[in-house]
Amino acid sequence: MGLFESLKQGDALMQMFAGNDNPAAEQFISEAEVQAMRGRLAIRESLKAFVRGRVVSKGAGFWVLTSDAILVFGEAAYPYRMPFSQVESITGEEGQYGLTLRLRVKGASYAVFGVSMRMGLAFARMLARASGIQAQGLQQRLSAEDIEVVLHRFKDAAFRIDPVGALIE
Numbered sequence: 006m007g008l009f010e011s012l013k014q015g016d017a018l019m020q021m022f023a024g025n026d027n028p029a030a031e032q033f034i035s036e037a038e039v040q041a042m043r044g045r046l047a048i049r050e051s052l053k054a055f056v057r058g059r060v061v062s063k064g065a066g067f068w069v070l071t072s073d074a075i076l077v078f079g080e081a082a083y084p085y086r087m088p089f090s091q092v093e094s095i096t097g098e099e100g101q102y103g104l105t106l107r108l109r110v111k112g113a114s115y116a117v118f119g120v121s122m123r124m125g126l127a128f129a130r131m132l133a134r135a136s137g138i139q140a141q142g143l144q145q146r147l148s149a150e151d152i153e154v155v156l157h158r159f160k161d162a163a164f165r166i167d168p169v170g171a172l173i174e
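Start counting the sequence shown at 6; every next residue gets the next number (the working numbering).
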């Protein structure tokens, strides 16, 4: 992560490391994230879930689950898009700053830490189901309130990224 990025995100990082959680992890999708996703969905593809956290040495991480693929933002200047057929495993581990998710796909692996526990659990389970694999290390249960909050965030994101597509589903 460059000096400029450190200065720009310094307050959020300090809050995360001092408070042992990521305050941005459960926020609604930001306008910058909406803009980053615009035009990235194929026809009839819809957003299903997202998580945000931190990528070691790179800054903000943003993973998006669509009806067809997973998109990983924050690893490079452009997002990586991987169809479900390339997903080999998704694992989660509770850590000092929240949930750490590790994704293994054919030829690569990715990780994001500081993810909201309930959003990360829902995301990983949805990805595992779509990919036909078993999520590892994610045995925690979601309460009815957790599910309600998570689905509200996911539906809001789907509507803001593709208002027409979200209404059709």
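No residue lacks a Cβ here, since even glycine has one placed at the ideal position from N, Cα and C. Just so it is clear, the structure is predicted and the values come from calculations on it, not from any experiment.
Exercise for review: Go through its chain and collect everything with a Cβ distance to A162's Cβ below 6 Å, but skip five positions before and after it.
Suggested key: The residue you call residue 162 lines up with position 157 of the sequence shown. Here the set comprises I34, L52, F55.
Point to revise | Same chain, Cβ closer than 7 Å to E80, neighbours up to 5 away in sequence not counted | key: Residue 80 sits at position 75 when you count from the first residue of the sequence shown. Closer than 7 Å at the Cβ level, and outside the excluded window around E80, lie V60, K63, Y115.
Point to revise | Cα-Cα separation between G137 and M124, rounded to whole angstroms | key: By one-based count along the sequence shown, residue 137 stands at place 132. By one-based count along the sequence shown, residue 124 stands at place 119. Roughly 20 Å between the two C-alpha positions.
Point to revise | Contact under 8 Å by Cβ, A30 with R49 | key: The residue you call residue 30 lines up with position 25 of the sequence shown. The residue you call residue 49 lines up with position 44 of the sequence shown. No; because the gap between Cβ atoms is not below 8 Å, this pair is not in contact.
**Study point:** Sheet register partners of F67 (DSSP bridge)
**Key:** The residue you call residue 67 lines up with position 62 of the sequence shown. Paired residue(s): R57, F78.
Check your understanding: Out of curiosity, what's the CA-to-CA distance linking L132 and Q139?
Key -> Counted from its first residue, the sequence shown places residue 132 at position 127. Counted from its first residue, the sequence shown places residue 139 at position 134. In a straight line, the C-alpha of L132 is about 9 Å away from that of Q139.
Exercise for review: Less than 8 Å between the CB atoms is what I'm expecting for M87 and I75, so what's the real figure, rounded?
Suggested key: The sequence position of residue 87 within the sequence shown is 82, counting from 1. The sequence position of residue 75 within the sequence shown is 70, counting from 1. Correct: roughly 5 Å between the Cβ atoms.
Review point. Which word fits E150, buried or exposed, when buried means at least 16 other C-beta atoms lie within 10 angstroms of its C-beta?
Key: Residue mapping note: residue 150 aligns to position 145 of the sequence shown, counting from 1. So E150 counts as exposed.
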